[in-house]
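Visitor: So that we are looking at the same thing, I have put the structure below in structure tokens.
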Amino acid sequence: MNDSTAGEYITSLTWNLTPIGGFFDTTNAGPGASSSGLQQGAASDDVGAMFPTNAFQDGLQSLTILFGANSFSSGERFIFGVDTDFFSCIDCTGINGNGFVGATVSAVFSNGETRYGTYTLTNEAGFGSKVGITSVSPVPEPETYAMMLAGLGLIGAIARRRKQKQNA
623 MNDSTAGEYI TSLTWNLTPI GGFFDTTNAG PGASSSGLQQ GAASDDVGAM FPTNAFQDGL
683 QSLTILFGAN SFSSGERFIF GVDTDFFSCI DCTGINGNGF VGATVSAVFS NGETRYGTYT
743 LTNEAGFGSK VGITSVSPVP EPETYAMMLA GLGLIGAIAR RRKQKQNA
């Protein structure tokens, strides 16, 4: 569901299964075959989803779906299905909900902003996972503050040394 500010819309979503060792199995053949195994869910809003032809290459670990201008607006849902497998078990049971935990998603918005998210588990049955994509303000880590203070201390020491040389 697009929870962005009113007037903004999503222009593309990209799923990356590399972190979990998975791939998009768009055919029942081995990786490398080409077919359209993507389907938009019946409960999905009509958001103008466009599946690029190169998105259907079997065996890819990344999938990008594009959306038409002003089509995937705030409050609308996009639900789709595609067969996914782990490289460790091609054409086994596929990747279920909890198997997606750790996979990443990025959303590009109409204002040019890109937001990132990671799948998390939503229930213990193993079939539910979701991704939350939020805009997070960066919080500096303690090491960042330490480097900044060390740099300021170094600049202060250099200035003090120069002043001592001028007075001598």
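Each residue of the sequence shown is one higher than the last, beginning at 623 in our numbering. Glycine included, C-beta positions come from ideal geometry on N, C-alpha and C. All values derive from a computational prediction rather than experimental measurement.
(1) According to DSSP, is Leu639 part of a helix, a strand, or is it coil?
(2) Which residues does DSSP pair with Ile632 in a beta bridge?
(3) Return the CA-CA distance between Phe722 and Leu682, expressed in angstroms with no decimal places.
(4) Quick check on Leu685: does DSSP put it in helix, strand or coil?
(5) Give me, in chain order, the residues of the same chain whose beta-carbon lies closer than 6 Å to that of Ser634; leave out the 5 immediate sequence neighbours on both sides.
(6) Which whole-angstrom value is the C-beta distance of Ser728 and Tyr631, which I expect to be below 8 Å?
(7) Please classify Leu771 as buried or exposed, where buried requires at least 16 neighbouring CB atoms within 10 angstroms.
(8) Quick check on the DSSP output: the beta strand (DSSP E) that includes Gly721 runs from which residue to which?
(9) Does Gly697 come out as helix, strand or coil in the three-state DSSP assignment?
(10) For Thr766, which residues does DSSP report across the bridge?
Guide: Well, looking at it:
(1) Of the three classes helix, strand and coil, the one that applies to Leu639 here is coil, per DSSP.
(2) Phe731
(3) Near 15 Å, if we compare the C-alpha coordinates of Leu682 and Phe722.
(4) strand
(5) Within the same chain, Ser634 has close Cβ partners Thr686, Leu688, Val730.
(6) At roughly 15 Å, the Cβ-Cβ gap does not stay under 8 Å, so Ser728 and Tyr631 are not in contact.
(7) It counts as exposed.
(8) From DSSP, Gly721 is part of no beta strand (DSSP E); its letter is neither H nor E.
(9) coil
(10) Partner(s): none; Thr766 has no beta bridge.
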